[in-house]
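Q: So the protein lines, in turn, are chains W and V. FYI, my numbering numbers position 107 of the first sequence as 107, with every residue one higher than the one before it. Start counting at 1 in the second sequence, then tack on 1000, and there's your number in my numbering. The C-beta atom is built at its ideal place from N, Cα and C for all residues, glycine as well. The structure displayed is predicted, hence computed values, not measured ones.
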Amino acid sequence: MKTTDYPKAAWLTLLLVSAFIVGWELYWRHENYVLSYNDDESLWASKRKLIYQSSPARPVLIGSSRIKFDLDLSTWERITGQKPIQLSMVGTSPRPMLTDLGNDKDFKGTVLIDVTEGLFFTPTGSFPEKEAINRVTAYPKWSLSQQISFQINRVLETNFLFLDAERLALNPLLNLLPIPPRPGAWGGPKFPPEFAVIDIDRQTKMTDAFVADTTIQNKVKAVWLDIGAHSPKQAIAGPPLLEILNSTKQSVDQIRARGGQVVFIRTPSDGPFRQIEKQMFPRELYWDRLLAHTKTPGIFFEDYPALTGFHCPEWSHLTPKDAVRFTEDLIPIIEKKMSWSIPRSSFNPTKKNMSSL
Amino acid sequence: MVFNSYTFIIFFAVLLGLHNLPFSWRAKKINLLLASYLFYALWNPPFILLLWLSTVVDFYMARLISLEQRLLRRKLLLTVSLVLNLGMLSYFKYGGFLLENFTALLAAVGIVFQAAKPDIILPVGISFYTFVTLSYTLDVYRRKFAPEPSFLNFALFVTFFPHLVAGPIVRPEDLIPQFKTPRRATAEQLSWGLFLLSLGLFMKVTIADGLLAETADLIFSLPFPVQTLDAWMGVLAFSGQIFCDFAGYSTCAIGVSLCLGFVLPENFRYPYAAIGFSDFWRRWHITLSTWLRDYLYIPLGGNRHGSVRTYVNLMITMLLGGLWHGASWTFVMWGGLHGLFLCIERLWRDWSARRRAKVAELVVDGSMISRASVIPPIAISNSFTRFGLALLTLFLVNITWVFFRAPTFKGAMLLLLAMFGIIPNGATMLTNLAILTVSIITVVLIGCHWFMRNSSLVQLSKRLPWWAISLGWAAMLILVILTQKSSGSFIYFQF
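1. Does the beta carbon of valine 17 (chain W) come closer than 8 Å to any beta carbon on chain V?
2. What separation, rounded to the nearest whole angstrom, lies between the Cα atoms of serine 1066 (chain V) and leucine 1105 (chain V)?
3. Measure the CB-CB distance between proline 343 (chain W) and alanine 138 (chain W) and report whether it falls below 8 Å.
4. Suppose the cutoff is 6 Å on Cβ atoms and the five residues either side in sequence are ignored; what does the same chain contact list for threonine 99 (chain W) look like?
5. State the CB to CB distance for the pair serine 93 (chain W) and lysine 68 (chain W), rounded to an integer number of angstroms; the pair is presumed to be in contact (CB under 8 Å).
6. Using a Cβ-Cβ cut-off of 6 Å (strictly less than) and excluding sequence neighbours within five positions of alanine 165 (chain W), which residues of its own chain qualify?
7. Are there 16 or more other CB atoms within 10 angstroms of the CB of phenylalanine 1008 (chain V), so buried, or fewer, so exposed?
8. For the alpha helix (DSSP H) that aspartate 303 (chain W) lies in, which residues bound it at each end?
9. Measure how close the beta-carbons of isoleucine 1211 (chain V) and threonine 1437 (chain V) come, nearest whole angstrom, since I'm counting them as under 8 Å.
10. Are the CB atoms of phenylalanine 1179 (chain V) and lysine 1029 (chain V) nearer to each other than 8 Å?
11. Taking the alpha carbon of phenylalanine 301 (chain W) as the reference point, which residue from W:Thr294, W:Lys337, W:His293, W:Lys321 has its own alpha carbon closest?
12. Quick one: does leucine 1264 (chain V) have its CB under 8 Å from some CB of chain W?
13. What alpha helix (DSSP H) runs, 4 residues minimum, are completely inside the region 1189-1255 of chain V?
14. To the nearest angstrom, how far is the alpha carbon of alanine 408 (chain W) from that of arginine 274 (chain W)?
15. Check the Cβ-Cβ distances between leucine 144 (chain W) and every residue of chain V, and say whether any is below 8 Å.
16. Give me the Cβ distance between threonine 204 (chain W) and serine 42 (chain W), rounded to the nearest whole Å; I'm assuming they're in contact under 8 Å.
17. Excluding the 5 residues preceding and the 5 following threonine 1130 (chain V) in the sequence, name in chain order all residues of the same chain whose CB lies nearer than 6 Å to its CB.
18. What does tyrosine 1060 (chain V) touch in chain W if you count any residue whose Cβ is under 7 Å from its own?
19. Starting from the C-beta of methionine 1429 (chain V), find all residues in its chain whose C-beta is less than 8 Å away, skip the five residues before and the five after it, and write them out in chain order.
20. 8 Å is my cut-off, CB to CB: does proline 180 (chain W) come that close to chain B?
21. How far does the beta strand (DSSP E) with threonine 110 (chain W) in it extend, from its first residue to its last?
22. Which stretch, first to last residue, makes up the alpha helix (DSSP H) that contains leucine 16 (chain W)?
23. Using 8 Å for Cβ pairs, my map puts valine 1158 (chain V) next to threonine 1055 (chain V). What's the rounded Cβ distance?
24. Tell me the residue span of the beta strand (DSSP E) that contains phenylalanine 264 (chain W).
25. Buried or exposed, going by whether 16 or more other CB atoms sit within 10 Å of the CB of threonine 1181 (chain V)?
26. Tell me whether proline 298 (chain W) sits in a helix, a strand or coil according to DSSP, three-state version.
27. Are there 16 or more other CB atoms within 10 angstroms of the CB of glutamine 82 (chain W), so buried, or fewer, so exposed?
28. Work out the CA separation of phenylalanine 195 (chain W) and leucine 176 (chain W) for me, nearest whole Å.
29. Is the CB of isoleucine 148 (chain W) under 8 Å away from at least one CB in chain V?
30. Return yes when the Cβ of arginine 1283 (chain V) is within less than 8 Å of the Cβ of tyrosine 1270 (chain V), no when it is not.
31. Between V:Leu1175, V:Pro1162, V:Asn1313, V:Val1443, which lies nearest to phenylalanine 1039 (chain V) when the distance is taken from Cα to Cα?
32. By Cβ distance, which residues of its chain are closer than 8 Å to glycine 1276 (chain V), with the 5 residues on each side in sequence left out?
33. Should glycine 5 (chain W) be flagged as near chain V, meaning a C-beta pair shorter than 8 Å?
34. Of all the residues that make up the region 189-204 of chain W, which are near chain V by a beta-carbon distance shorter than 7 Å?
35. Could you tell me whether the Cβ of glycine 187 (chain W) comes closer than 8 Å to any Cβ of chain V?
36. What does phenylalanine 358 (chain W) touch in chain V if you count any residue whose Cβ is under 7 Å from its own?
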């Protein structure tokens, strides 16, 4: 029987794979793709590990996509000298993470909870909580081996564009195939790749291409309408709502009993999105009730002149430039509302100077 | 650590380098043992104590059993080993399950008992290394071989990292002799080992995790009925996922071992081309099925005590085989179904054999000619019929997977009713892309299994030119790199 030259096959394989990697990377660089990190369990866990170092100057952020876009971590760091710990997750309710922080006996820090009503007020264990629950339950099992892999991956992701799992992995590429939709089936939202990128601190930012191009912005608006068409038409009410309020109160009380601090934040939205939110989640029935029930202060963007007037290009999130301004304006409001004294960084250029950047 | 991680790549590269340095064989074995402990400890360091306990107790207990001549004392020593091994396994794997069922039983007779909820974490690989050490002690007890005099060889046999956490379940005769003489992979073994590692990663990362897991997870997690097509696609997706996940692990383990110069036993042999369930179990998780055969079915009496006892023994073996997979009644049901199918197959074969003998008798005296021409016997040698029987087997295997994967009996029944159209107008859940992906993979998987049924990858590779192997190998690696899922655990780690 003929014997194959396996070592020769191995060397050719190495050559072919290396050539592919180089070619693939060069192609995406040529296409002007922007570096983006994979916002996976390990990146989240690496931030979750930091919560015990939290303070008013370095709060833990939990919420949905809005606080990931709208609160600029670098700006916060520039002002206070410390970077917030970003635990929020796109498309999820922050409640599983709040429960996690409440149950963590060692956590005594400061929490800023972003409230996007359509995600916050969803039944316990429902779909918008699924991924957040996965992260929270996976964290205690984050093994030493996974932590080492994460550190290696971080170096690789910093240098190679093609390792963008959100946009350039096999499944997102397969999603680009021109396969007609199946009547009645919804494969979930499909955001244009230019919408946003994620940095190593889990900050999400719109790309320059997105900010500059209303056609791409309209695609995202269409995605919101699509999500709306597949979402419940009635907001949660009655006993299930009371259960949400009670569980939130329990977690907030747990954190406060240990000396921690909590504040709710409602970031800007506009256009038809804001109109639908007003109709589905009237402020007095949801936001006001949440604050009253949990006896917790909150900052609603419409209550503060400095926080109004922002334009969300796709109705729901701020541009990177506006996120800087929003963050600069939010810090003094939090300080005043909560009577906190947030220390200032020694290097703190004036607001005017920074806004002009 | 898992094979599909960056940590493993670094670990393996360093280990390969050290293994090929001019150290003494003993030093290399110590190096392999320490590396295996590191491989295990990087999951959850405290559980390494259990592994040490199991290793030390079984090494010395087997030695005492071998020296002892009095039967009662030998049995007592064996019992100590069994109680320790099975006790550990029962506590960690079945503690919660036993308590839950005990509470339910008390409630059924009207006694309210509120047990404290056990907070037990399952040590990775405990089911696998428990079976490995058990087989050693049992074989020494049966005087199949003398106990291994070298503790280093024995510890390495138990702990050798490629098989440690998810098999193949090695026997002492598979591995211990290989530790006796210096081993180092040839360039050919190293290349073939790397090829197998790449193939295993491709099966796990690209097929199981990348292309099938999402569909299976979605369909099996729904609390409401879906359309018949969606239900079948969910089950087929899991069918492909569980094979590619587990056979992928075994292939990686075999490849990694080969790179170091060691040969591990085959664990899968194209099971989705099996004709009948006995054939299926000769092809699926071979090292578990042979373990159950040698240490459970045959000691129970096997087929030596008449038909009824044979069927009872088969059912006991498969029910316990189901329970080995997990502490849940759904796994017992899965094992029970496999046992039932094996019994039916055996009944059918016995009946066919009797019928053939009877027909032969009648043909001889000339009274059966007309009936024989009206009802022709099934031509098993016919390829088309054999393929049909393989598909029938796979169909039934897929029915059993529903109980294996569904989180509850209710969920399993809901899915089965949807699969057979008994619940009409279920929800449409899957996209055309998901349906297309699952369909293509299923067809390719069945095709590969059928055409490779009586062959092997090594035989195939010898028929191909080296550059063709290289093209396929490179395509697999590129797809692994593109899939970019590096942290998914193997399904069998939970068993």
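A: Looking at the coordinates:
1. In the first sequence, residue 17 (chain W) corresponds to position 17, counting from 1. True, the Cβ-Cβ gap to chain V drops below 8 Å.
2. Along the second sequence, read from residue 1 onward, the residue named residue 1066 (chain V) stands at position 66. Along the second sequence, read from residue 1 onward, the residue named residue 1105 (chain V) stands at position 105. Their Cα atoms are separated by approximately 42 Å.
3. On the first sequence, position 343 is the one that residue 343 (chain W) refers to. On the first sequence, position 138 is the one that residue 138 (chain W) refers to. Cβ atoms of proline 343 (chain W) and alanine 138 (chain W): not closer than 8 Å.
4. Within the first sequence, the letter at position 99 stands for residue 99 (chain W). Excluding residues within five positions, the ones whose Cβ falls inside 6 Å are Ser251.
5. Counting from one through the first sequence, the residue named residue 93 (chain W) turns up at place 93. Counting from one through the first sequence, the residue named residue 68 (chain W) turns up at place 68. Actually they do not touch by this definition, with Cβ atoms about 14 Å apart.
6. Numbered from 1 along the first sequence, position 165 holds the residue referred to as residue 165 (chain W). Cβ-Cβ distances below 6 Å link alanine 165 (chain W) to Asn38 in the same chain, with the five nearest sequence neighbours on each side left out; the list follows chain order.
7. The residue labelled residue 1008 (chain V) in the question sits at position 8 within the second sequence. Buried.
8. The sequence position of residue 303 (chain W) within the first sequence is 303, counting from 1. Bounds of any alpha helix (DSSP H) do not take in aspartate 303 (chain W), whose DSSP letter is neither H nor E.
9. Against the second sequence, residue 1211 (chain V) aligns to sequence position 211. Against the second sequence, residue 1437 (chain V) aligns to sequence position 437. Strictly speaking, residue 1211 (chain V) in this sequence is leucine, with isoleucine absent from that position. Their Cβ separation, rounded to whole angstroms, is 5 Å, which keeps leucine 1211 (chain V) and threonine 1437 (chain V) in contact under 8 Å.
10. Position 179 of the second sequence, counting from 1, holds the residue named residue 1179 (chain V). Position 29 of the second sequence, counting from 1, holds the residue named residue 1029 (chain V). Going by C-beta atoms, phenylalanine 1179 (chain V) is nearer than 8 Å to lysine 1029 (chain V).
11. Position 301 of the first sequence holds residue 301 (chain W). Considering only alpha carbons, the answer is W:Lys337.
12. Working through the second sequence from its first residue, we reach residue 1264 (chain V) at position 264. No, leucine 1264 (chain V) does not count as interfacial toward chain W.
13. Counting only runs of 4 or more, we get 1213-1221.
14. Residue coverage of chain W in this structure runs from 1 to 357, which leaves residue 408 (chain W) outside it and unanswerable.
15. Here the question's residue 144 (chain W) lines up with position 144 in the first sequence. Chain V has a Cβ within less than 8 Å of the Cβ of leucine 144 (chain W).
16. By one-based count along the first sequence, residue 204 (chain W) stands at place 204. By one-based count along the first sequence, residue 42 (chain W) stands at place 42. So it is not a contact: roughly 17 Å between Cβ atoms.
17. Here the question's residue 1130 (chain V) lines up with position 130 in the second sequence. Excluding positions up to five away in sequence, the list reads Asn1085, Leu1089.
18. Sequence index remark: in the second sequence, residue 1060 (chain V) carries index 60 (1-based). Within 7 Å of the CB of tyrosine 1060 (chain V), no CB atom of chain W is found; the nearest one sits about 31 Å away.
19. Taking the first residue of the second sequence as position 1, residue 1429 (chain V) is located at position 429. So the list reads Leu1218, Ile1219, Leu1222, Val1226, Gln1227, Asp1230, once near-sequence residues are dropped.
20. The structure shown contains no chain B; the protein chains it does contain are W and V.
21. The residue given as residue 110 (chain W) occupies position 110 in the first sequence. In the DSSP annotation of this structure, the continuous segment of the beta strand (DSSP E) that includes threonine 110 (chain W) starts and ends at 110-114.
22. Looking up residue 16 (chain W) in the first sequence gives position 16. First-last of the alpha helix (DSSP H) with leucine 16 (chain W): 6-30.
23. Position 158 of the second sequence, counted from the first residue, corresponds to residue 1158 (chain V). Position 55 of the second sequence, counted from the first residue, corresponds to residue 1055 (chain V). That pair is a contact at about 5 Å.
24. Here residue 264 (chain W) refers to the residue found at position 264 when the first sequence is read from its first residue. Following the DSSP letters along the chain, one finds phenylalanine 264 (chain W) inside the beta strand (DSSP E) bounded by residues 261-266.
25. Sequence index remark: in the second sequence, residue 1181 (chain V) carries index 181 (1-based). Exposed: under 16 other Cβ atoms inside 10 Å.
26. Along the first sequence, read from residue 1 onward, the residue named residue 298 (chain W) stands at position 298. The identity of residue 298 (chain W) in the sequence shown is glycine, whereas the question assumes proline. Note: glycine 298 (chain W) maps to strand in three-state DSSP.
27. For this step, residue 82 (chain W) is matched to residue 82 along the first sequence. By the neighbour-count rule (16 or more Cβ atoms within 10 Å), glutamine 82 (chain W) is buried.
28. The residue you call residue 176 (chain W) lines up with position 176 of the first sequence. The residue you call residue 195 (chain W) lines up with position 195 of the first sequence. Those two C-alpha atoms are separated by around 16 Å.
29. Mapped onto the first sequence, residue 148 (chain W) falls at position 148. It does: the Cβ of isoleucine 148 (chain W) has a partner Cβ on chain V nearer than 8 Å.
30. As a first step, residue 1270 (chain V) is located in the second sequence; it is residue number 270 there, counting from the start. As a first step, residue 1283 (chain V) is located in the second sequence; it is residue number 283 there, counting from the start. Going by beta carbons, tyrosine 1270 (chain V) and arginine 1283 (chain V) fall inside the 8 Å limit.
31. Counting from one through the second sequence, the residue named residue 1039 (chain V) turns up at place 39. Looking at the Cα atoms, V:Pro1162 is the closest of the given residues.
32. Position 276 of the second sequence, counted from the first residue, corresponds to residue 1276 (chain V). Taken in chain order, the residues that qualify are Glu1345, Leu1389, Thr1393.
33. Counting from one through the first sequence, the residue named residue 5 (chain W) turns up at place 5. Looking at the sequence itself, residue 5 (chain W) is aspartate, so the reference to glycine does not match. So yes, aspartate 5 (chain W) belongs to the interface.
34. none
35. Along the first sequence, read from residue 1 onward, the residue named residue 187 (chain W) stands at position 187. Chain V, which has a Cβ nearer than 8 Å to the Cβ of glycine 187 (chain W), makes this yes.
36. Residue numbering for chain W in the displayed model covers 1 to 357; residue 358 (chain W) lies beyond these limits and cannot be assessed.
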